[in-house]
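**Q**
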Amino acid sequence: MTTRLAIIGFGTMGQAITGGLVEAAGYPPEGITASGKGKGGRARAQALGVGWAATAAEAARGAEAVVLCVKPKDLGPLLESLAAAGALDHKPLVVSIAAGTDLAFLEARVPGGTPVIRAMPNTPCSIRMGTIVLAPGAHAGEEHLALARTLFEPLGAVLDLDEHHMDAVTGLSASGPAFIFVILEALAEGGVQCGLPRGVAVELAARMTVGAASMVLQTGRHPAALKDEVTTPAGCTIAGLLALEDGRIRSVLARGIERASQVASGLGR
Ligand SMILES: NC(=O)C1=CN([C@@H]2O[C@H](COP(=O)(O)OP(=O)(O)OC[C@H]3O[C@@H](n4cnc5c(N)ncnc54)[C@H](O)[C@@H]3O)[C@@H](O)[C@H]2O)C=CC1
Ligand SMILES: O=C(O)[C@@H]1CCC=N1
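In this text, residue positions in the sequence shown follow the working numbering: the first is 23, and each later residue adds one.
#1: Look at the Cβ atom of alanine 69, then the Cβ atom of alanine 75, and state whether they are nearer than 8 Å.
#2: What does leucine 115 pair with, by DSSP beta-bridge criteria?
#3: Rounded to whole angstroms, what's the CA-CA distance from glycine 213 to serine 273? Just pull it up for me.
#4: Applying the criterion that 16 or more other CB atoms from any shown protein chain within 10 Å of the CB defines a buried residue, is proline 51 buried or exposed?
#5: Could you tell me which residues DSSP puts in a beta bridge with valine 155?
#6: Does ligand 2 have a heavy atom nearer than 7 Å to the CB of threonine 241?
#7: Going by the CB atoms, is the gap between glycine 290 and alanine 120 shorter than 8 Å?
#8: Could you check what DSSP says for glycine 135 in three-state terms: helix, strand or coil?
#9: Curious, which full-length alpha helix (DSSP H) runs of at least 4 residues does the region 187-249 contain?
#10: Just tell me which of Ser195, Val89, Leu218 and Arg281 has its CA closest to the CA of leucine 173.
#11: Kindly indicate the opening and closing residues of the alpha helix (DSSP H) around leucine 27.
#12: Let me check understanding here. Comparing Cα to Cα, which of Ala234, Glu129 and Cys147 lies closest to proline 158?
#13: Excluding sequence positions up to five away, which residues of its chain have a Cβ less than 6 Å from the Cβ of valine 92?
#14: Note down the Cα distance separating isoleucine 222 from glutamate 185, rounded to an integer number of angstroms.
#15: Would the region 137-147 and the region 27-41 be scored as touching if the rule is three or more Cβ pairs under 8 Å?
#16: Quick one: Cα of aspartate 182 to Cα of glycine 217, how far?
#17: Return the chain-ordered list of same chain residues with a C-beta closer than 8 Å to the C-beta of aspartate 96, the five sequence neighbours on each side being excluded.
#18: Whole angstroms are fine: how far does the CA of alanine 85 sit from the CA of valine 252?
#19: What does a CB cutoff of less than 7 Å around arginine 220 pick up in its chain, not counting 5 residues either side in sequence?
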């Protein structure tokens, strides 16, 4: 049976989640009502066939699950407006995807006993290749986690983790697509520098990345062991690897995740 779902905040992530559910996973659009303030949201909702509510309160009323997809700074005012309108009085499952906004903050702004789940998805959810980490609040039981999994599993791999990992998850798998896009762009530039047409270089870089990542997931082997198999003694790969190490590639990438995670932790304040 379809869960009546409200998506509040219809920007990048609200649209990625809704688009992934409707276009890629075949979720019935009539089961979803969206609400947003940004440009183009209503037209996108219409194109997807999902309902559109003029206000967040209207979307939330009667929904079994309310997914909050607004920026961290907008979450407090949004929850206050929903509480003032009594739009969460029926205690639906409330899911927040906001970075840096903890369960304690959310639970303090919904009616007592409301089940709340913090989720951290990423933009690849729009093509069902996402990762989504879930952390349940004090009143979210197994049935609520099961409902959240039903909503997110069509969009990618769902992992349950304790909330204290959420900032690290945000820096790694939520910000991470942006880092990978920059790496892909740079890899393609290398190919262009060596004479490949740009389109071919981008395609080779992207397909190679999918293949290498899939090897890690499918074999369960350590990335270092897989790397060693590519690296012929006195061959070309070791020459390229050493050039990358001269640029401190590992430290630069790891510090990028650390910095994103640190900033994520302050976004809700
Ligand atoms: N962009 C990303 O890759 C990821 C973002 N997130 C989190 O998702 C949330 C949304 O991020 P984006 O989609 O990138 O932001 P966005 O700015 O693209 O979308 C947020 C939308 O919420 C709307 N909004 C603000 N207040 C509202 C209200 N009271 N009622 C209805 N709509 C309202 C805004 O007009 C805007 O269209 C953030 O909290 C972010 O931390 C989490 C994972 C990945
Ligand atoms: O950059 C941001 O703040 C959001 C949260 C994670 C990905 N994008």
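Cβ atoms here follow ideal geometry from the backbone N, Cα and C, with glycine treated the same way. In this text the structure is predicted, and so the values were computed from the model without any measurement.
**A** In short, the structure shows the following:
#1: Residue mapping note: residue 69 aligns to position 47 of the sequence shown, counting from 1. Residue mapping note: residue 75 aligns to position 53 of the sequence shown, counting from 1. Not a contact, by the Cβ cut-off of 8 Å.
#2: Walking along the sequence shown from the start, residue 115 turns up at place 93. In DSSP, leucine 115 forms a bridge with Ala87.
#3: Taking the sequence shown and counting its residues from 1, the one referred to as residue 213 is at position 191. Taking the sequence shown and counting its residues from 1, the one referred to as residue 273 is at position 251. Distance between the alpha carbons of glycine 213 and serine 273 is about 24 Å.
#4: Taking the first residue of the sequence shown as position 1, residue 51 is located at position 29. The residue in question, proline 51, is buried, as its Cβ has 16 or more Cβ neighbours within 10 Å.
#5: Residue 155 sits at position 133 when you count from the first residue of the sequence shown. BP columns for valine 155 point to Met142 and Leu181.
#6: Within the sequence shown, numbered from 1, the residue matching residue 241 stands at position 219. No.
#7: In the sequence shown, counting from the first residue as 1, residue 120 sits at position 98. In the sequence shown, counting from the first residue as 1, residue 290 sits at position 268. Cβ atoms of alanine 120 and glycine 290: closer than 8 Å.
#8: As a position in the sequence shown, residue 135 is number 113, starting the count at 1. Correct three-state label for glycine 135: coil.
#9: 188-191, 198-215 and 220-241
#10: Taking the first residue of the sequence shown as 1, we reach residue 173 at position 151. Comparing Cα positions, the closest option is Val89.
#11: Working through the sequence shown from its first residue, we reach residue 27 at position 5. Leucine 27 -> not in any alpha helix (DSSP H); beta strand (DSSP E) instead, spanning 27-30.
#12: On the sequence shown, position 136 is the one that residue 158 refers to. Per the Cα distances, Glu129.
#13: Within the sequence shown, numbered from 1, the residue matching residue 92 stands at position 70. Correct list, in chain order: Gly31 and Leu100.
#14: The residue given as residue 222 occupies position 200 in the sequence shown. The residue given as residue 185 occupies position 163 in the sequence shown. Reading the sequence as shown, one finds valine at residue 222 and not isoleucine. Distance between the alpha carbons of valine 222 and glutamate 185 is about 42 Å.
#15: yes
#16: Walking along the sequence shown from the start, residue 182 turns up at place 160. Walking along the sequence shown from the start, residue 217 turns up at place 195. Taking the straight line joining both Cα atoms gives about 45 Å.
#17: What you label residue 96 is simply residue 74 of the sequence shown in a count that begins at 1. Gly31.
#18: Here residue 252 refers to the residue found at position 230 when the sequence shown is read from its first residue. Here residue 85 refers to the residue found at position 63 when the sequence shown is read from its first residue. Answer to the nearest angstrom: the Cα atoms are 52 Å apart.
#19: On the sequence shown, position 198 is the one that residue 220 refers to. Contacts found: Ala210 and Val214.
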